[in-house]
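Here's the structure we're looking at; comments come further down.
Number of protein chains: 2
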Amino acid sequence: MVSLKELWERETIDGIRNVIRKPPGLGPGDDSAVIPSLGGDIIACVDSVTFARHFPKGMKYEELGWTAAAVSISDLAAMGAVPLGLLAALTMPPDLDSSSLYDIMAGMDACAEAFDTYIYGGDTKFGCGAVSCTAIGSMEGRKPMLRSGAKPGDIVAVTGSLGSAAAGFFAIEKNISGVPATSLMTPVPRVAEGIALSSSGGVTSCIDLSDGLAEGARSICGASRVGMDIHMDFLPEGDGVDTVFSKAGVRKEDMMLYWGGDYELLFTFDKDKRETLYDHDIDFSIIGIVTNDHAPYINYEDKREVMGNGWY
Amino acid sequence: MVSLKELWERETIDGIRNVIRKPPGLGPGDDSAVIPSLGGDIIACVDSVTFARHFPKGMKYEELGWTAAAVSISDLAAMGAVPLGLLAALTMPPDLDSSSLYDIMAGMDACAEAFDTYIYGGDTKFGCGAVSCTAIGSMEGRKPMLRSGAKPGDIVAVTGSLGSAAAGFFAIEKNISGVPATSLMTPVPRVAEGIALSSSGGVTSCIDLSDGLAEGARSICGASRVGMDIHMDFLPEGDGVDTVFSKAGVRKEDMMLYWGGDYELLFTFDKDKRETLYDHDIDFSIIGIVTNDHAPYINYEDKREVMGNGWY
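Pasting the structure below:
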C-alpha cells in the first residue's frame, strides 16, 4: 500500500541524509530540528503546502495560508516548543491575482496570531504555487520530545480526536451535509498540549499526526525500535467520521488511521509517571501500549493487523 | 527602467506588509529578521532560488544548491550574524532524477560547511523547481546592522569588488573565454566581514548586494531617508568586467551597478569612527558619501545621474 510518491519521498529523504553532514544538536528525522546556540537550543522546522496537493475543493486562499502556518507550528508543538516566529517563502503562479497572495498571507498571519506569534519575513518568487513556512521556537529550558525514546510497557496516547479532517474531505467530495470542514480547512496545532506534555517529564516520545495515525505510529516505532498495540475501540472518533461512514461507506480506519491532516499529537509515556500528565490537565485518550514488536499493530475485537507498513 | 517583475514584487511586498501584523524585534524590510527570545535575539531569513530564474547556462545542480545556501547566508552576513543552521524546502519537478536532488543538497551542504554551519532539516515536495533556504543565526551579543541608520556625511563603502558575477554570466552567454564564472556559480557571502563590521561599532547601515549596487544603495537611502553620491571611478572592478566590456561591449555600469549576484556588503560608516574599521582588518573600498538628497547618485567625470530609481 505504499504509493510511488511515498517511495520517492522515503528514498530521497534517506538519500539526502547520506550526502549532508550530521549536525550537532538534532538534524533531520524528527518533527523539528534542535539547533544549539549560546542562548539555548533553537527549535526550527520547515514544511511546504502546494496548490497541487494541499488545496482541496472549497478551500479559500486564507485557509491555505492558515494551513501552511499550522503545519509548521504543529512540528514545533510535537517537540513541546513555544513558537517565536515564522518565515514564509512563496512561489506563486504569475497569473495569480495579488489579492489572493494577500489572502494567503492574511491567513498565515491569523494562524500566527492564534498562537501568539508573528510572521517575521519572507520571499516571493514566480513558480507553480507553493507556500513554505519556517517556524522557529524555543523550549524555554525544557527538554524537547523526540520520536525516539519510547520503551516497551509505555502507554500510547493521543490528544483530541481522529479522522475529522478526513471526514471533512470526504463530505465535500461526496456532497454529504452536516459534516464540519473546520479541521480540514483550518487545522489547530496542539501547542499548549505540547508544552504541557514536555513539562510533565513523563513523555518518552511524541510526533504530530499530520500524516495520519498509522504513519505517526510507524515513525515512533522505527525511531524507538519498538512495536505498538493500538486498539481500534480506544480511538477517539472525530466529528463527522460516523456520518461519512454511514452515508458514504468510507471505512472508519481509513479516516482515523490512514489519512493525514489531523494535527493531533501521538505520544508515549512512562506509566509510572502518568500522574504528572493528569496534573498538567491535558486532554488525551489512551489508545494502546508500546511492545517489543517490530511494527505498530491495530487490534480489533477479532483480529490484529500491522498498521500501515512496519519499520523493519 | 522598472521591469514588470520588479513592479509586481514591490507592490506585493508593500501589500503583504499591510495584511500582516508588525512583530516585536524586526520584521520584514531588512536583509534578515530579528526575533527576540529569552536566550537573545535570533537572526533569521529565507530566500528562494528557482530553476526558471537562477539557473544560468552551465550551472551544475551542486552550484544551484551552493547558491541557495549562499544567498541566505549572505542575508545573515549583512546583519553581522554568525550562521547557526540552515533549513531547506525544495519543490522539485517529478521527472527530476534523484541524483540531481542529492547534488543540490550536497552543494548546499558544501556551502554550509564553508561557513562552519549545517543543514538541520528540510522538506521536499513535487513542484516546478525551487530551493528555499532558511538561515538562522546569532549576533552573539552584537547589535545587528540595519538598512536604516545612514546619516548625511557618513562614508559609503563596499567589500570586495563589483561586477564579476555579471561578467561571468555575459562571458558564458557570449562565448568569451578567460573570464572566471566562480562568482556566478559559487558566490561567497561575506560572513567574516559582516561580523567584523558589526563588531567595529562604526557602521551605520549595511545591506548585501544580491540585487546589485544600485538597488542596494536605493534600499539603504530609502530606509535611512538620505541620498548618496557614489563615484564611478572609485568602484572596485571585479574579475572579467574589463574583458567582457572590451570584447562584447557590455557597459561596465550594467555589470557593476545594475546586475545582481555580487554577494558583497554595501555599508555606511561614521567617518569619525573609521579607525575602528581599519583596526578590524576588513578589506573594503570607499565609494562615496551619504548626502541630504533623496536618491543615490552615480558620479562620472562629467555627469551625475540618479542610480536606478530614487526612493522618493
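Chains as they are written, first to last, in the numbering used here: chain R, 15 to 326; chain B, 15 to 326. Just so you know, even glycine gets a beta-carbon here, dropped at the ideal spot from N, CA and C. Predicted model, so just to flag it, every value in this text is computed and none were measured.
Open item on the list: Classify Arg161(B): buried if its beta carbon has 16 or more other beta carbons within 10 angstroms, exposed otherwise.
Closed with: buried
- [ ] With Thr148(R) as the anchor, note down where its beta strand (DSSP E) starts and where it stops.
- [x] For Thr148(R), the enclosing beta strand (DSSP E) begins and ends at 144-152.
Open item on the list: Going by beta-carbon coordinates alone, are Gly252(R) and Gly41(B) separated by less than 8 Å?
Closed with: no
TODO: Have a look at Met15(B) and Met321(B) and give me their C-alpha separation to the nearest angstrom.
DONE: Legend: pLDDT at Met15(B) = 45, less than 50; position of this residue unreliable, no value from coordinates given.
Open item on the list: Quick check: is the beta carbon of Ala228(B) nearer than 8 Å to any beta carbon in chain R?
Closed with: no
Open item on the list: Can you pull out the residues from the region 98-110 of chain B whose beta carbon lies closer than 7 Å to at least one beta carbon of chain R?
Closed with: Leu98, Gly99, Leu101, Ala103, Thr105
Open item on the list: Closer than 8 Å is the cut-off here; do at least three beta carbon pairs connect the region 292-299 of chain R with the region 158-177 of chain R?
Closed with: Two segments are said to touch when three or more pairs of C-beta atoms, one from each, lie closer than 8 Å; by this definition the region 292-299 of chain R touches the region 158-177 of chain R.
Task: Cα-Cα separation, Glu23(R) to Asp225(R) - done: 13 Å
TODO: Compare the Cα-Cα distances from Ala181(R) to each of Pro203(R), Tyr272(R), Asp222(R), Glu315(R) and report the closest residue.
DONE: Tyr272(R)
Open item on the list: Could you tell me the alpha carbon to alpha carbon distance between Val205(B) and Thr305(R), rounded to whole angstroms?
Closed with: 50 Å
Task: Rounded C-alpha distance that separates Lys317(R) from Pro50(R) - done: 46 Å
- [ ] Could you check which residue in Leu98(B), Pro310(B), Ala164(B), Met106(B) has the C-alpha nearest to that of Ile133(B)?
- [x] Leu98(B)
TODO: Verify the CB distance criterion: does Val60(B) have a CB-CB separation below 8 Å to chain R?
DONE: yes
TODO: Look up Cys59(R) in the DSSP assignment and give the residues it is bridged to.
DONE: Ala149(R)
Task: Bridge-paired residues (DSSP) for Ser219(R) - done: Under the DSSP definition of a beta bridge, Ser219(R) partners with Thr282(R).
Task: chain B residues whose Cβ lies nearer than 7 Å to that of Thr282(R) - done: Simply none; closest approach about 22 Å.
Open item on the list: Just list the residues that DSSP pairs Ala47(B) with in beta bridges.
Closed with: Ala58(B)
Open item on the list: Measuring CB atoms only, is the region 55-64 of chain B touching the region 254-263 of chain B, in the sense that at least three cross pairs come out at less than 8 Å?
Closed with: no
Open item on the list: For Leu291(B) and Asp222(B), I'd like the C-alpha separation in whole angstroms.
Closed with: Approximately 18 Å, taken between the alpha carbons.
Open item on the list: Just verifying my parser: in three-state terms, what is the DSSP assignment at Met15(R)?
Closed with: Annotation note: pLDDT 45 at Met15(R) (below 50); position unreliable, coordinate value reported separately. Coil.
- [ ] Starting from the C-beta of Asp307(R), find all residues in its chain whose C-beta is less than 6 Å away, skip the five residues before and the five after it, and write them out in chain order.
- [x] Gly241
TODO: Identify the contact partners of Ala92(R) in chain B, using a Cβ-Cβ distance below 9 Å as the criterion.
DONE: Close partners of Ala92(R) in chain B (Cβ separation under 9 Å) are lacking, with about 13 Å as the shortest Cβ gap.
- [ ] Please confirm whether Thr81(R) and Leu100(R) have their CB atoms less than 8 Å apart.
- [x] no
Open item on the list: Only counting the same chain, and skipping five residues up and downstream in sequence, which positions put a Cβ closer than 6 Å to that of Ile150(R)?
Closed with: Ala58, Leu98, Gly99
Open item on the list: Glu76(B) and Asp117(B) - do their beta-carbons sit closer together than 8 Å?
Closed with: yes
Task: Closest Cα partner of Lys157(B) within the set Gly54(B), Ala124(B), Asp284(B) - done: Gly54(B)
- [ ] Return the chain-ordered list of same chain residues with a C-beta closer than 6 Å to the C-beta of His245(R), the five sequence neighbours on each side being excluded.
- [x] Gly302, Asn313
Task: Residue range of the alpha helix (DSSP H) that includes Ile186(B) - done: 178-187
Task: CA nearest to the CA of Val193(B), picked from Pro250(B), Glu229(B), Ser260(B), Ser233(B) - done: Ser260(B)
Open item on the list: With distance defined between alpha-carbon atoms, name the residue in Gly230(R), Thr138(R), Ser86(R), Leu211(R) nearest to Pro107(R).
Closed with: Per the Cα distances, Thr138(R).
Task: Cys235(B) at chain R interface by Cβ criterion, 8 Å - done: Taking 8 Å as the CB threshold, Cys235(B) stays off the interface with chain R.
- [ ] Verify the CB distance criterion: does Asp123(B) have a CB-CB separation below 8 Å to chain R?
- [x] yes
TODO: Give the secondary structure of Asp243(R) by DSSP, where H, G and I count as helix, E and B as strand, and everything else as coil.
DONE: Three-state DSSP puts Asp243(R) in a strand.
Task: Nearest to Val48(R) (by Cα), restricted to the options Leu249(R), Phe248(R), Met93(R), Gly163(R) - done: Met93(R)
- [ ] Could you check what DSSP says for Trp273(R) in three-state terms: helix, strand or coil?
- [x] Correct three-state label for Trp273(R): coil.
TODO: Would you mind sorting Glu319(R) into buried or exposed? The rule is 16 or more other CB atoms within 10 Å of its CB.
DONE: exposed
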